[in-house]
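Protein chains in written order, with the numbering used here: chain L, 1 to 768; chain G, 1 to 450; chain A, 1 to 255; chain U, 1 to 179.
These notes concern the structure reproduced below.
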Amino acid sequence: MANVDRREFLRLVGAGGVGAGAGFMLAESIKHPVEYLIPYPVPPEEFSPGIATWYNSVCGMCPAGCGISVRTREGRAKKIEGNPLHPVNQGRLCALGQAGLQVLYNPDRLTGPMIQNGERGDDAFVKATWEDGLSRTAERLAAARRDGIYVLSQGVRGHLANLFELFMGELGSDRLLHYDFAHPHPLYAANKRFFGEHQLPYYDIRNTRYLLSFGADYLTNWLSPVHHSLGFGHSRQGNDSSSNDGVRGRFVQIEPRMSISGAAADEWIPARPGTEGFLALGIAHHIVADGRYAGDDASLWRTALAGWSSGRVAGLTGVSEGTISRLAREFARAEPGLAIGGGAAGNHTNGVDTLVAVNALNYLVGNIGKAGGVVFNPDPVTGGSAIDRQANYRTMQNLIENARDGNIDVLIVNNTNPAFTLPRASGFREALAAIPTIVSLSSFMDETTLMADVLLPSHTYLEAWGDDMPQPGVGFPVGAISQPVVAPLYNSRSTGDIILGLVGKLGFNEAIPWTSMEDFLKDGWREIYERGSREPGDFDSFWRDVLVSGVWGENARRGGSVVIAPGVIEGMAVSAPRFSGESGEYPFILHAYLSTAMYDGRGANLPWMQELPDPMTSIVYGTWVEMNPATANEMGLADGDLVRVTSEKGSIEAPVVLFPAIMPDVVAMPIGQGHDALGRYARNRGANPIEILAPETESASGNLATSATRVALVATGRRAAPVKTGGESRQLGRGIVQSTGSRSAPAGHSAKLNSIPIIVESAVVESA
Amino acid sequence: MQTEEQQLQFTDIHNDVVRSLVVTGRGYYITLGCAIFVLLTCFFFPWFYQLYYGIGAAGMNSPTVWGTYLASFIFWIGLSHSGTLLSCVLHITNSQWRKAMYRSAEAMTLFSLMVAAMMVMVHLGRPWFIHWSVPYPNQMELWPNFRSPLLFDVMAITTYLTGSSIFIYMGSIPDFAAVRDRTTGWRHHLYTLLSLGWRGTDTEWHRLGWAYTFLAVLIIPLAVSVHSIVSWDFAMSIVPGLHQTIFAPYFVVGAIYSGTAGIVTVMFVLRKYMNFEQYITKLHFDNLGKLLLVLSLLWSYINILELFTGWYSGTSTEYEQLKYKLFGYYAPLYWEMILFCGVAPLLLISNKFRTSFVPMLVLSIAINIGMYTERFLIIATTLSRQYLPESWRVYVPSLVELSIIVGSVAMFVTLFLLFVKIFPSVSIYEVKETMKIPKKKGMPEWQATH
Amino acid sequence: MSILDRFVSGWREFRKDGYYEEFDYAWTMTIDLDRCTGCGACVTACQAENNIPIVGESAIDKGREMQWIRIERYWEGEYPNAKLNFIPMLCQQCDAAPCETVCPVTATYHNQDGLNAQVYNRCIGTRSCAVYCPYTVRYFNFTDHHWDAPLEQQLNPDVTVREKGVMEKCTFCVQRIRQAKDHAKDDGRRRVRDGEVQPACVQSCPSEAMIFGDRKDASSRVSKSMNDERAYRVLGELNTRPSVIYLKKVDADAD
Amino acid sequence: MGVSIVPTLKVLKPAARFVVVATVGIVAGYFANAAFFPGTRPEQPIAFSHRIHAGDNEIPCLYCHVQARRSISAGVPSVNKCMGCHLEVAANRPQVRLLANYWENREPISWVKVHDLPDFVHFTHKRHVAAGIECQTCHGPVETMEVVSREAPMKMGLCLDCHRKNEVQHGIDCWTCHK
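Okay, here's the thing in structure tokens:
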């Protein structure tokens with residue numbers, strides 16, 4: 001470095017310094033963040049880092065009661081799959097069930113007990129201790145009138161149900177209600193009326209050759225969808241010579257708006273809403289008239305069904321005579337054929353009549369108690385009485401009136417959300433205001449909990465002890481244990497423990513000595529074990545086995561032939577459906593159906609369910625109105641036009657979706673969205689069609705007739721195209737979904753259709 | 001063509017050119033300032049935002065995962081053609097009128113190539129890993145995928161960039177020397193470096209001439225190959241509407257077409273604002289106009305052909321594609337393109353139009369707008385109509401994209417403004433050659449041949 | 001052996017004829033459209049297994065949903081004879097995959113299991129693979145995604161979380177395959193047993209419409225089912241030779 | 001006329017110097033950073049010495065890092081495992097007291113991760129231990145270290161070299177290690 005003068009030297013030093021600084025910061029900026037290894041102080045014995053642990057448990061997302069096995073890594077739940085050992089879902093699981101993880105890890109969970117501190121409804125809660133929350137509740141309970149105490153729970157079964165019973169018994173109140181929006185009251189009522197059996201039989205779709213479904217969306221949310229899907233798949237292609245002589249099952253769906261089951265069916269038949277019962281009778285008439293029924297009560301039937309000639313029925317239902325007679329022929333010939341009814345068909349004012357008529361069909365083809373038919377279940381091992389606690393709309397109205405009249409002092413709500421699933425017209429929300437004390441055990445801040453005074457958040461089903469006896473069963477008694485798969489995330493407690501906590505506070509200990517749900521459960525299962533149990537070994541090994549396999553069953557099927565209730569044949573008739581609203585003023589019948597992803601709205605706070613495209617329309621996030629394209633065309637409505645759906649009881653807004661498979665005078669809306677609570681993913685999204693339902697009830701069962709509301713559509717002039725993942729929904733002859741005429745296509749068929757024949761290397765290549 | 005240049009003396013040329021380098025008006029600085037400002041605000045700012053936020057800042061979606069960035073890339077590559085290409089062709093065919101304009105044309109090539117390279121960076125999801133697309137030996141023995149047309153692209157463009165920069169540099173060495181001898185201060189030093197000690201001896205002239213011609217021959221096929229390869233990025237796919245044999249010629253013609261139009265624009269600007277009226281004359285516009293006319297006809301022909309392939313294919317995929325292009329969401333753009341690039345250029349049939357400057361300017365700009373639209377449509381119409389109808393989606397460019405398009409133009413302008421102050425934007429020695437001079441002993445044959 | 005030689009030899013081996021037939025395994029999936037009900041269980045199963053982010057309403061509106069397996073729906077006819085057909089669409093794991101040829105950095109390539117591999121950390125985001133894929137089953141990370149705490153506790157540690165600017169797609173749940181092979185090694189077995197490994201979607205399918213296995217093993221369930229006369233390949237005419245084979249829907253009422 | 005470029009170069013010399021010095025500065029600064037923050041040799045909550053345990057007392061690696069044999073991650077011993085010995089052994093040493101504190105309040109120790117692979121790498125200890133690879137091959141001579149430091153670069157090249165040398169089946173397939 002010759003001739004560097006002072007100034008230059010300084011310049012160079014500056015350059016070097018700045019450069020060094022820059023280099024330093026560069027290195028700093030691209031540095032890998034520090035990570036930590038944090039071992040347990042004392043690890044649980046089944047735990048080892050890097051290796052997954054599976055726990056078998058029971059799904060709590062819907063009443064089907066599937067068995068699940070949950071994969072955990074490093075003490076965190078990673079994946080829910082079906083429990084292969086469980087007879088209901090046999091290792092399979094629906095979308096909603098798998099989203100249970102997002103119930104557990106939901107960012108909007110209630111993290112601990114809270115006390116209402118301000119006006120009800122304005123979400124002003126302050127944190128409290130369990131001690132505080134429980135004693136506060138206990139005080140209110142102690143102070144309350146015996147018959148002024150209501151417990152309103154989601155449908156619970158097994159030992160939790162028993163615990164509730166015990167608790168109510170001690171409280172001296174029998175005001176214990178289970179409320180599920182989708183509970184199939186009409187089906188129970190129909191079975192009671194026709195068979196004298198107040199239960200859900202096992203519908204053996206697996207082995208049936210011909211399924212006639214009256215409005216029952218058995219593949220997505222009717223009774224036990226996963227089990228039905230298994231059956232569907234098997235009946236379609238699973239049949240080989242061993243079962244069903246390799247005949248491919250045929251499926252017929254009768255409903256005003258094509259559901260998933262409708263899409264899966266071979267034949268979708270739109271019948272006027274509420275007339276499904278007539279159609280059933282028409283088919284029955286045919287079967288009897290053609291002399292396909294040879295029972296000794298044939299003459300009775302002939303007289304009972306005389307009035308239901310296919311001509312008349314065709315006029316009533318809008319289904320052609322030819323179709324009716326064909327259905328009758330096919331159905332009777334199938335052996336075994338199976339008829340099921342539910343969903344919208346059961347939710348008209350004549351629902352029970354309809355379902356009784358459907359039962360009649362099963363009876364007439366003699367599939368009762370047979371494979372591929374209707375098989376009745378033995379009573380559940382325990383907690384069976386809970387079914388009688390199920391509240392229908394009338395019961396709820398009763399509760400509401402009591403509340404208005406100030407007859408309710410304390411209302412305990414357990415994870416059910418009537419404020420969302422009851423029509424506005426029912427006045428439930430107003431009634432809540434009249435109840436002095438409301439205690440909510442919900443894990444989330446849902447619409448009902450928002451009105452509560454004391455929040456005692458319960459565990460999610462993945463953190464709690466419990467058990468479940470699935471209904472409908474599978475023909476024999478099944479019990480499944482639900483065990484905690486992860487340590488509780490927050491300061492919540494299992495429902496059972498909360499009840500037991502109250503028990504302690506109220507001093508019911510001598511009657512209810514248990515201190516934790518686990519003990520209660522264990523003792524309960526000791527009974528099950530002792531009732532002539534066939535398992536070898538002592539109870540502890542039995543208990544361990546049950547915990548490992550997650551499910552228990554015994555081979556005790558119902559014997560004997562089923563007799564139908566006396567006088568039912570003579571009384572065989574279907575009353576005409578009633579609808580609220582004049583057809584002139586309200587031209588459309590509102591067909592509100594349970595959303596595939598969100599069931600009755602409980603899935604709306606799960607991001608996966610929000611982003612699961614609706615199978616029929618591929619719409620995510622939101623509510624929409626499905627319309628027949630022709631009708632929409634007449635009204636000048638286009639896809640995505642925002643319309644106001646108005647019934648006698650209110651109105652909501654939603655965009656129109658042109659739906660090719662819906663009757664011209666019917667509009668359909670999915671239930672599940674339109675929450676004004678329940679966390680960030682659910683709040684202020686879409687609309688809730690239940691809100692505008694008229695409080696029409698099913699005459700026999702007293703259930704809410706959700707399909708009995710007429711609505712009018714008014715264009716708002718605005719557009720709000722629903723967000724959807726799908727583009728053009730026609731194939732344009734590109735042969736994407738291909739279909740073949742019959743089961744046995746000529747050989748080499750596929751080779752012709754594909755440029756590349758599909759070859760299988762014969763030998764297994766051992767990799768060196 | 002001697003008419004204007006009769007009274008023109010060698011010294012005038014020197015003075016004019018040196019003036020264009022040394023004397024700088026306020027106007028220049030204002031323009032440059034604006035250009036740089038736009039470059040920063042409309043290009044770099046949105047780009048950095050996109051780097052931070054992700055490509056989501058652009059309007060692309062699935063299946064239309066390519067968008068205006070790639071369209072701009074093709075556009076700039078296209079513009080780069082006919083700069084150097086044209087100058088080479090004309091050099092070999094020894095056409096005199098080339099000499100006044102070729103340098104700025106070549107500069108255009110260079111700069112549009114640079115902008116194109118930038119567009120690639122903008123297009124990438126993770127540009128900080130772009131070096132992986134270059135084959136360099138490494139311990140992992142990881143190589144780029146040599147089957148990939150995109151990799152061909154990288155190769156072709158770098159080669160083209162190198163080739164054309166050498167070409168323009170060599171061509172200007174004598175001028176650097178000339179300027180060197182007429183400047184002082186830092187300019188003198190700069191041009192001393194650039195002129196590599198050029199003395200102007202016969203041997204030097206001889207070698208220069210030889211090498212120059214050699215390069216010219218070399219570059220012509222290169223230029224053609226570059227845009228063919230760019231077209232393969234698309235044609236090698238099996239996407240309906242892209243998977244076509246016509247694409248390579250289609251792209252090359254389109255490229256030269258837009259490039260020539262670009263030259264017209266640049267020439268106009270130079271002529272007007274650098275006061276080169278005497279050098280860039282009606283003649284140049286006339287010739288370029290003829291060239292444009294031919295190219296436009298070629299272009300229209302290929303476009304019609306393309307429609308036929310869709311029509312005759314008889315497959316739903318191609319047919320829907322065609323329908324969508326003509327009457328679909330982007331149809332207005334399509335017809336705009338036809339108007340600008342297919343119909344409007346027919347005006348060039350009239351001499352009067354070709355030889356009047358302003359209309360030529362307008363037309364040339366219109367053509368390039370049309371050509372940009374073409375590139376956009378090639379991507380937008382095809383990708384949004386892929387094989388599975390369920391995946392069909394419309395793609396609308398976002399603000400970020402639009403501003404980056406504007407910014408890329410600013411980048412080009414900036415580079416060009418800097419160029420005219422550093423490079424003699426009109427070739428001094430070649431213009432001299434066009435003037436009557438006594439045949440001296442020792443003058444290279446290639447010079448004496450005209 | 002110099003780097004260059006190795007490179008050349010590797011290149012030759014890679015280019016040699018029939019490269020795509022000589023797999024150890026040839027993982028294959030058959031989907032019986034006659035069983036598929038379109039319920040969407042597979043979609044959620046995949047999201048849970050593969051850390052697929054929640055992109056949000058606006059992103060989906062822009063057309064940037066992320067579902068490695070999606071249910072496509074195609075209507076036929078008009079009311080009252082309207083029919084709706086479902087088809088699950090996922091990466092077809094083509095043996096002659098267009099996406100593999102175009103990636104300039106070999107971020108996507110064919111591995112010896114017959115899988116169309118996507119190496120996230122090599123991807124530079126040219127997105128050309130998505131353009132070349134005729135099934136549009138490649139999904140691009142247009143932005144970084146985040147999980148509202150504590151949702152991130154659900155993330156599967158066997159699958160990485162993809163950053164912005166990276167292309168991603170169905171892997172046939174390679175992490176499960178990897179694990180199955182691992183178990184096989186532990187038991188001193190050469191090969192994975194049939195049915196030992198199932199992707200999340202196959203595992204969950206309530207109507208058992210999907211079968212997964214190794215088609216090199218002629219006795220495997222998948223081999224049998226892919227030889228069903230109903231077997232076909234979507235867009236088979238493109239000759240991409242997918243490893244996902246569909247069984248035709250049966251239309252009982254057609255002739 | 002100055003045709004030669006030599007004088008010009010002379011003029012440019014100081015500028016060149018400037019650039020060179022700045023570059024040198026940047027490089028120096030970059031590496032200086034590593035010296036300031038020893039990312040490869042972090043300080044641990046307890047000054048645990050592998051030299052004493054693995055070196056002097058020759059406790060085998062897999063005695064404490066049991067998981068390595070059967071899991072993808074080697075794992076660090078749980079606190080109760082440490083206490084298993086240290087209830088008696090060297091119970092009164094200050095560092096062991098520290099450990100005892102953790103144990104008494106059942107508090108986990110958050111060790112700083114020294115050998116950390118990126119999220120997109122799938123590395124299983126199990127397979128490598130089963131293949132009889134010495135721990136030291138990747139972790140360096142830990143038994144001689146007072147404070148554990150990262151000896152091997154833990155970069156992709158390291159894995160590939162070894163996989164190539166031992167001709168691991170599919171050892172250079174991306175999906176063998178990348179997830």
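Note that beta-carbon positions come from the ideal geometry of N, C-alpha and C, so glycine has one too.
For residue i versus residue j, is the C-beta distance shorter than 8 Å?
i, j, result
"U/G29", "L/A22", "yes"
"L/A576", "L/N347", "no"
"L/E35", "U/N33", "no"
"L/T323", "L/I269", "yes"
"G/V453", "G/M411", "The structure shown does not extend to residue 453 of chain G, since chain G is modelled only from 1 to 450, so the question has no answer here."
"G/K252", "G/S364", "This sequence places Val at residue 252 of chain G; Lys is not what is there. Not closer than 8 Å, so no."
"L/A431", "L/I400", "yes"
Is there a C-beta anywhere in chain L that falls below 8 Å from the one on residue i?
i, result
"U/M1", "At U/M1, the pLDDT of 48 sits below 50, so the modelled position is not reliable; the number obtained from the coordinates is stated separately. Judged by the 8 Å Cβ criterion, U/M1 is not in contact with chain L."
Report the option in the options whose CA atom is closest to the CA atom of residue i.
i, options, result
"L/R806", "L/T421, L/Q610, L/R730 and L/A143", "With chain L running from 1 to 768 in the structure shown, residue 806 of chain L is simply not present."
"L/G717", "L/F659, L/P655 and L/M669", "L/P655"
"G/G54", "A/E65, A/F140 and A/I60", "A/F140"
Within 8 Å (strictly less), CB to CB, does residue i reach chain G?
i, result
"L/G733", "yes"
"A/Y232", "no"
"U/M154", "no"
Start and end of the beta strand (DSSP E) containing residue i?
i, result
"L/W552", "V551 to G553"
"L/D497", "Where L/D497 is concerned, there is no enclosing beta strand (DSSP E), although the alpha helix (DSSP H) it sits in stretches over T495 to L506."
Which residues bound the alpha helix (DSSP H) around residue i?
i, result
"G/Y102", "Y102 to H123"
"U/G157", "M156 to K165"
"G/W311", "K282 to S313"
"L/A630", "P629 to E634"
"G/Q244", "Premise fails: G/Q244 is in no alpha helix (DSSP H) and is neither H nor E."
Counting only C-beta atoms, is residue i closer than 8 Å to chain A at any point?
i, result
"U/D116", "no"
"L/H749", "Residue placement at L/H749 is poorly supported in this model, since its pLDDT is 38, which falls under 50; the coordinates still yield a value, given next. Closer than 8 Å: yes."
"U/D119", "yes"
Checklist entry - Quick check: the segment 604-619 of chain L against the segment 673-685 of chain L, are there 3 or more CB pairs under 8 Å? => result yes
Next on the checklist: When you compare the segment 455-467 of chain L with the segment 29-49 of chain L, are there three or more beta-carbon pairs, one atom per stretch, that lie closer than 8 Å?
Outcome noted: no
Item to check | the segment 62-69 of chain L contacting the segment 220-230 of chain L, beta-carbon criterion three pairs below 8 Å | outcome: yes
Checklist entry - How do the segment 55-62 of chain G and the segment 71-82 of chain G stand: do at least 3 beta-carbon pairs fall below 8 Å, yes or no? => result no
Checklist entry - Below 8 Å, can you find three or more Cβ-Cβ pairs linking the segment 224-233 of chain A to the segment 54-63 of chain A? => result no
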